[in-house]
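Here's the structure, in structure tokens; my notes come after.
There are 2 protein chains.
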Amino acid sequence: MSILSKTVASYLQNASWIRRMFEAGGKLKARFGEDNVYDFSLGNPDLPAPQAVGAALRKFAERADKPFAFGYMPNGGFGWAREKLAACLSGEHGVALTADDVILCCGAAGGLNAFLRATLNPGEEVLGIAPYFVEYGFYTENHGGTFRAVDSLKDTFKPNTLALEDAIGPTTRALLINSPNNPTGVVYDEGNIRAIVALLEAKSKKFGRPVWLISDEPYRFLCYDGINPPSVLPRYPYAVCVSSFSKSLSLPGERVGYVAVSPLLAEKEELMAALNLTIRILGFVNPPVVGQHLMAGALDSHVDIGIYTERRQVMADVLSDAGYAFQMPAGAFYFFPQAPGGDDVAFVNTLLEERILAVPGSGFGCPGHFRLAFCVDKSVIRRAAEGFAKARRTVET
Amino acid sequence: MSILSKTVASYLQNASWIRRMFEAGGKLKARFGEDNVYDFSLGNPDLPAPQAVGAALRKFAERADKPFAFGYMPNGGFGWAREKLAACLSGEHGVALTADDVILCCGAAGGLNAFLRATLNPGEEVLGIAPYFVEYGFYTENHGGTFRAVDSLKDTFKPNTLALEDAIGPTTRALLINSPNNPTGVVYDEGNIRAIVALLEAKSKKFGRPVWLISDEPYRFLCYDGINPPSVLPRYPYAVCVSSFSKSLSLPGERVGYVAVSPLLAEKEELMAALNLTIRILGFVNPPVVGQHLMAGALDSHVDIGIYTERRQVMADVLSDAGYAFQMPAGAFYFFPQAPGGDDVAFVNTLLEERILAVPGSGFGCPGHFRLAFCVDKSVIRRAAEGFAKARRTVET
Chain A
14 MSILSKTVAS YLQNASWIRR MFEAGGKLKA RFGEDNVYDF SLGNPDLPAP
64 QAVGAALRKF AERADKPFAF GYMPNGGFGW AREKLAACLS GEHGVALTAD
114 DVILCCGAAG GLNAFLRATL NPGEEVLGIA PYFVEYGFYT ENHGGTFRAV
164 DSLKDTFKPN TLALEDAIGP TTRALLINSP NNPTGVVYDE GNIRAIVALL
214 EAKSKKFGRP VWLISDEPYR FLCYDGINPP SVLPRYPYAV CVSSFSKSLS
264 LPGERVGYVA VSPLLAEKEE LMAALNLTIR ILGFVNPPVV GQHLMAGALD
314 SHVDIGIYTE RRQVMADVLS DAGYAFQMPA GAFYFFPQAP GGDDVAFVNT
364 LLEERILAVP GSGFGCPGHF RLAFCVDKSV IRRAAEGFAK ARRTVET
Chain B
14 MSILSKTVAS YLQNASWIRR MFEAGGKLKA RFGEDNVYDF SLGNPDLPAP
64 QAVGAALRKF AERADKPFAF GYMPNGGFGW AREKLAACLS GEHGVALTAD
114 DVILCCGAAG GLNAFLRATL NPGEEVLGIA PYFVEYGFYT ENHGGTFRAV
164 DSLKDTFKPN TLALEDAIGP TTRALLINSP NNPTGVVYDE GNIRAIVALL
214 EAKSKKFGRP VWLISDEPYR FLCYDGINPP SVLPRYPYAV CVSSFSKSLS
264 LPGERVGYVA VSPLLAEKEE LMAALNLTIR ILGFVNPPVV GQHLMAGALD
314 SHVDIGIYTE RRQVMADVLS DAGYAFQMPA GAFYFFPQAP GGDDVAFVNT
364 LLEERILAVP GSGFGCPGHF RLAFCVDKSV IRRAAEGFAK ARRTVET
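So the protein sequences, as listed, match chains A and B. According to the working numbering, the first sequence holds residues 14 to 410 in order. According to the working numbering, the second sequence holds residues 14 to 410 in order.
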């Protein structure tokens, strides 16, 4: 009999695509040298943290020897840190948020788990929109729920409102959206958000209980061409925004994120009490002390977006020149081109022969495409150009 | 219909005793001033972190501006950090541990949740020994299990092996012990550990699958009178030690802990793969970067134990002089005296009238006692002496 729980034992049988590419990449790098492998598989920001982060760290270090420097604080983070965060988010989202409308937590992943633990009953459903971040399924199943993804519109990857309307039923507890999107780079516009909200309002009324709208937004800061993603918070009382500083401050390992709730929510106090509880009982207890100091000290900064803008253009040129079909990402740092030949897994293996690491769309519930993360130097993208061209020709002939 | 999950809504109806005392304390402090309230309710270490922590932080801060300084690492922590930890634990536990035998996580609470998610099937049971840390119940229910506590031996609070033998059944997945113990200060001796291991071996054989032994040990570093707590790791293949640096390095807010597995475990690789997965999918993703640097730089240090030794004596004198019945704690920083009059909740309210904050034993599954945390200055303990004496007299008359 297994020493593990049945679900976890079964998860281990199916290693994620990102994991498999990571392992394949390790072998290639060992054989050909790090510089001769073009790794577009990981969304691990390579830009240094903004200088304000280092400055905040050095300032905090001055008082590290004081009692309680690393002590417990409220489960949702220091009051002063939440106050600063709320002020910053008020500007970003166009709503008046106070320290009582936000909680800090261990990354967006921690925030999503805390929220689902707080709201989901076993047997209930969380809906997503494919392609989607594969971890959403695990987060939902952690709390006894079922995750189901509804396909987005072909090619544009915008929400398919009609399909969503069909999918929402009496056991649907939440719709989980992600804009700017990983893996497609799509940013939902105001019309998309309005349509989703109208749908959720109608369904909440029909089923006699609210369907939550969870908006996972770690890439909000990273949009191109002057796009400003509309916020869900001023538009729907049962909306929450979950995010982190992993990408904007290049802090993914320090685990600082947050949940912000709509100020329209009548049951706000109840939800915040629940989140403070679930942060505690899931074992997070509180967001890391140091990370909160870094976040508060660097809230007005972010990594150099100009660098990502340049890389996006270089990658677009490389893909165009090689004849790939793709949509220009409006946000985040991913391309999601069509897989030549149509079989994404086969094509990713073809790319591997060119020492190019990508992730098949199958890993995001969207076969026929593949994901390229461009958080690598421009020179890496340029050097991969020949491999991209060759891989495409291999499949066409 | 509630916006929350049923379990979380019900948890919110029953605020923990620690929480209630915290709130009562806040009111007293506002009314009488901080210095006139004697707060023994919280296990929040008041000693500063050892100097090695500040030094490690300043050293890390020097390279905070480099790319990937705060980047992702393996879910179980940096290889170099696990190597250092394993070397340190090998000495403490008297077994040869390598980096592959330990994972770092977000505090002991994170480690316990990651372990339970990895091993527990819904409907299975986790056994504990009362009195116990109240969070164990939540941690178990998070993963669909049921927590059940078996009373310890009266007065000594040592494990009641006969009662445990009766309690372990075919759905028992794990026994969760805590030594040095919160709230009693009891340290299990080698005989206790041997008896538990013999029992679990017999039951594992009987039911055809292993019963895990989880040893929660954040107070291992803090024993008095030269006591050295025996380790479970060399004694039972299905034993894991879960701990943190919250108390030993006064780092509770930074969330650094670990799970160490027995090197005797044949399925070690499987368990470690599962823990790496559950750390990821529960949303921890990895232990905080900065905390790992602090831990690694200060592994050989701990807070000044001499200070806790002195406080223990002062508290013992105060309680003796006032005529309380108690057992001298062998470890940790708690006393767990009998409640005069027998009703712990009533007596804790009597103490409140003397502006003394304590936690009733009912909050630990052990009515008739109350817990006093002595992570406060000696002067606070001394100034509370009169109140302790008066409260006891009030009940006796």
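Beta carbons: idealized from backbone N, C-alpha and C, even for Gly.
Pairwise C-alpha distance: residue j and residue i
i	j	result
A:Lys-171	B:Asp-52	56 Å
A:Glu-214	A:Trp-225	10 Å
A:Gly-67	B:Val-210	49 Å
A:Phe-377	A:Val-147	6 Å
A:Ile-190	A:Ile-206	10 Å
A:Arg-95	A:Val-253	16 Å
B:Glu-43	A:Gly-104	Strictly speaking, residue 43 of chain B in this sequence is Ala, with Glu absent from that position. So the two alpha carbons sit approximately 34 Å from each other.
B:Phe-348	B:Tyr-321	12 Å
B:Met-341	A:Thr-291	35 Å
B:Leu-129	B:His-156	7 Å
A:Ala-65	B:Gly-89	28 Å
B:Ile-142	A:Leu-235	51 Å
B:Glu-230	B:Leu-284	20 Å
B:Leu-140	B:Asp-113	28 Å
A:Val-85	A:Asn-362	Per the sequence presented here, residue 85 of chain A reads as Tyr, with Val not at that position. Taking the straight line from one Cα to the other gives about 48 Å.
B:Asn-49	B:Arg-268	31 Å
B:Ala-99	B:Pro-276	11 Å
A:Ala-404	A:Glu-367	7 Å
A:Asn-195	B:Glu-203	53 Å
B:Thr-153	B:Phe-387	28 Å
A:Gly-123	B:Tyr-337	44 Å
B:Val-13	B:Phe-360	Summary: the structure shown does not reach residue 13 of chain B, with chain B confined to residues 14 through 410, and so no result is reported for it.
B:Leu-117	B:Tyr-271	4 Å
B:Pro-183	A:Ser-18	15 Å
A:Ser-29	A:Ala-345	21 Å
B:Val-245	B:Ser-228	7 Å
B:Val-274	B:Val-108	11 Å
B:Leu-295	A:Arg-406	42 Å
B:Glu-36	B:Glu-47	14 Å
A:Ala-162	B:Lys-216	44 Å
A:Gly-158	B:Thr-20	14 Å
Cβ neighbour criterion (16 or more within 10 Å) applied to residue i
i	result
A:Pro-300	buried
B:Glu-138	buried
B:Trp-93	exposed
A:Arg-293	buried
B:Pro-135	exposed
B:Asp-238	exposed
B:Ser-256	buried
B:Phe-297	buried
A:Asn-126	buried
B:Phe-45	exposed
Where the beta strand (DSSP E) containing residue i begins and where it ends
i	result
B:Gly-141	138 to 143
B:Thr-159	159 to 164
A:Asn-191	185 to 191
Alpha helix (DSSP H) segment containing residue i, residue limits
i	result
B:Leu-226	From DSSP, B:Leu-226 is part of no alpha helix (DSSP H) but of the beta strand (DSSP E) over 225 to 229.
A:Gly-270	First-last for A:Gly-270: 270 to 274, but that is the beta strand (DSSP E), not the alpha helix (DSSP H).
B:Leu-290	281 to 294
B:Ile-209	203 to 220
A:Thr-153	148 to 155
A:Arg-233	Neither: A:Arg-233 is in no alpha helix (DSSP H) and is coded neither H nor E.
A:Asp-357	357 to 366
Where residue i falls: helix, strand or coil (DSSP)
i	result
B:Phe-383	strand
B:Leu-307	helix
A:Cys-118	strand
A:Ser-256	strand
A:Cys-388	coil
B:Asp-113	helix
A:Leu-332	helix
A:Val-66	helix
A:Phe-83	coil
B:Val-372	strand
Given 8 Å as the limit, is there contact between the segment 258 to 278 of chain A and the segment 56 to 65 of chain A, that is, 3 or more CB pairs closer than that? yes
Determine, using beta-carbon pairs with one atom in the segment 19 to 36 of chain A and one in the segment 281 to 290 of chain B, whether at least three such pairs fall under 8 Å. yes
Is it true that the segment 352 to 370 of chain B meets the segment 381 to 388 of chain B, where meeting means three or more beta-carbon pairs spaced less than 8 Å apart? yes
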